[in-house]
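Visitor: This structure is in structure tokens; I'll ask about it shortly.
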Amino acid sequence: MRTAMHPAAECLAGSLATCVACLFTNPLETIKTRMQLQGELQSGLVPALCYQFVMNGIRLGSYQIMVNAKLTEDREGKISYLRCMAAGALSGCTGAAVCSPIFMIKTQLQSKSSSAIAVGTQHDITNLSSGIISIYREHGVRGLWRGASASMVRVTVGSATQLSAFSKSKDFYSRNNIFEPGSFMLSVSSSMTASVFVVLAMTPFDVISTRLYNQNVNSSGIGLKYTNFFDVFVKVFAKEGLLGFYKGTFAHYFRLGPHTIIGLVLWDSIRKYFG
């Protein structure tokens, strides 16, 4: 029987798995960001990798720690979908709160392009460090967490959906002898199932957070177009309707689908190898 990994190792496993996935899917993230803002493909790669490393280290690591402590099981020892959702939501919200500044700068760098093809607000930053310094000088610490509410809701919903679907799918496929417990195909099939659910759940929140992060701000660091998560929701719905929240859905799946599959399969494989 496998022994539980050290909590730090659990976090590192999540970090490494999602960073590898990010190398393959960052170009698609750039395309998705620009499509959402309309109403060099590796732009923002460094902050994207930093975001994946820290955020998913916290998210996947803390989730697995809760799984190891059997907090995702019911009284009969079976996987509980609601408990998995709660654990995924808590771990995702924590990771998003810590990494909101990195996500904002990543979004701004990925939307940046030449004036001829520029989409959305353009920001005068060149890399992660210059972005942090520039925002801190102009708006202080509070400015670094502008739009954090949207990111936290987005990742909380996505994490709850992704990890609960992944855990429950693995349990379902193995209990019904569709795939052998602990097999590679079990990880692949479960991650593919999770990828569909997470894209459907996350796309509206992704549209909202992208627009909230990428707008112009006044001298006080307050957005000129949107004030908060709810304000974006109301304005997008009033102007573009329900479909406005699903702009870039296919691009989102082509980015998040492979990212979910690669990340979760690698995460499972790393844990099996070192666990």
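Just so we're aligned, residue 319 is where the sequence shown starts under this note's numbering, counting upward by one.
For each residue, glycine too, the CB sits at the ideal point set by N, CA and C.
Is the Cβ-Cβ distance between Gly379 and Gly410 less than 8 Å?
Guide: Within the sequence shown, numbered from 1, the residue matching residue 379 stands at position 61. Within the sequence shown, numbered from 1, the residue matching residue 410 stands at position 92. The answer is no: Cβ separation not under 8 Å.
Visitor: What's the gap between the Cα of Gln480 and the Cα of Ala519?
Guide: To locate residue 480, count along the sequence shown from 1; it is residue 162. To locate residue 519, count along the sequence shown from 1; it is residue 201. Going by the C-alpha atoms only, they are around 9 Å apart.
Visitor: By Cβ distance, which residues of its chain are closer than 7 Å to Ala335, with the 5 residues on each side in sequence left out?
Guide: Position 17 of the sequence shown, counted from the start, is the residue given in the question as residue 335. Correct list, in chain order: Gly581, Leu584, Trp585, Ile588.
Visitor: Rounded C-beta distance between Thr521 and Tyr564? I'm assuming under 8 Å.
Guide: Here residue 521 corresponds to residue number 203 of the sequence shown, with the count starting at 1. Here residue 564 corresponds to residue number 246 of the sequence shown, with the count starting at 1. With 8 Å as the limit, Thr521 and Tyr564 qualify as a contact, their Cβ atoms being about 5 Å apart.
Visitor: Let's test the definition: count the other Cβ atoms within 10 Å of the Cβ of Gly375 and tell me whether it reaches 16, buried, or not, exposed.
Guide: In the sequence shown, the residue the question calls residue 375 occupies position 57. With 16 or more Cβ atoms within 10 Å of its Cβ, Gly375 is classed as buried.
Visitor: Pop quiz: Val550 and Gly562 are said to be a contact at Cβ under 8 Å. What is the actual Cβ separation, rounded to whole angstroms?
Guide: For the purposes of this step, residue 550 is taken as the residue at position 232 of the sequence shown. For the purposes of this step, residue 562 is taken as the residue at position 244 of the sequence shown. That pair is no contact at about 10 Å.
Visitor: Measure the Cβ-Cβ separation of Met384 and Ala414 and say whether it is below 8 Å.
Guide: Position 66 of the sequence shown, counted from the start, is the residue given in the question as residue 384. Position 96 of the sequence shown, counted from the start, is the residue given in the question as residue 414. No, they are not a contact pair.
Visitor: What first and last residue would you give for the alpha helix (DSSP H) that runs through Gly500?
Guide: Taking the first residue of the sequence shown as position 1, residue 500 is located at position 182. Careful: Gly500 lies outside any alpha helix (DSSP H) and carries neither H nor E.
Visitor: State the beta-bridge partners of Val459 as determined by DSSP.
Guide: Your numbering for residue 459 matches position 141 in the sequence shown. Val459 is not bridged to any residue.
Visitor: Give me, in chain order, the residues of the same chain whose beta-carbon lies closer than 7 Å to that of Phe497; leave out the 5 immediate sequence neighbours on both sides.
Guide: Counting from one through the sequence shown, the residue named residue 497 turns up at place 179. Cβ contact annotation for Phe497 (same chain, cutoff 7 Å, sequence separation greater than five): Tyr491, Met503, Leu504, Ser507, in chain order.
Visitor: Hey, which unbroken runs of the beta strand (DSSP E) at 3 residues or more fall wholly within the stretch 473-523?
Guide: none
Visitor: Quick one: what does DSSP say Gly541 is sitting in, helix, strand or coil?
Guide: For this step, residue 541 is matched to residue 223 along the sequence shown. Strand.
Visitor: Looking at the structure shown, is Ala391 part of a helix, part of a strand, or coil, going by DSSP?
Guide: As a first step, residue 391 is located in the sequence shown; it is residue number 73 there, counting from the start. Here residue 391 turns out to be Glu, not Ala, going by the sequence shown. Strand.
Visitor: Kindly indicate which residue of Val416, Asn495, Lys486 has the alpha-carbon position closest to the one of Leu400.
Guide: Working through the sequence shown from its first residue, we reach residue 400 at position 82. That would be Lys486, whose Cα lies nearest to the Cα of Leu400.
Visitor: Name the DSSP bridge partner or partners of Ile397?
Guide: Your numbering for residue 397 matches position 79 in the sequence shown. Glu391.
Visitor: Just to confirm before moving on: does the CB-CB distance between Ala327 and Met403 stay below 8 Å?
Guide: Within the sequence shown, the letter at position 9 stands for residue 327. Within the sequence shown, the letter at position 85 stands for residue 403. Met403 is positioned such that its CB atom lies no closer than 8 Å to that of Ala327.
Visitor: Spatial neighbours of Thr343 within its chain, please: CB distance less than 8 Å, with the 5 preceding and 5 following residues excluded, ordered by chain position.
Guide: Taking the first residue of the sequence shown as position 1, residue 343 is located at position 25. Residues Arg573, Leu574, Pro576, His577, Ile580 of the same chain have their beta carbon placed closer than 8 Å to that of Thr343, with the five preceding and five following residues left out of the count.
Visitor: Around the Cβ of Ser595, are there at least 16 other Cβ atoms within 10 angstroms (buried) or fewer (exposed)?
Guide: This structure leaves residue 595 out entirely; the chain is present only between 319 and 593.
Visitor: Kindly indicate which three-state DSSP category Ala436 falls into: helix, strand or coil?
Guide: Working through the sequence shown from its first residue, we reach residue 436 at position 118. Confidence is the limiting factor: at Ala436 the pLDDT is only 45, short of 50, which leaves the residue's position unreliable, though a coordinate-based value still follows. Looking at Ala436 - three-state DSSP - the assignment turns out to be coil, as it is neither helix nor strand.
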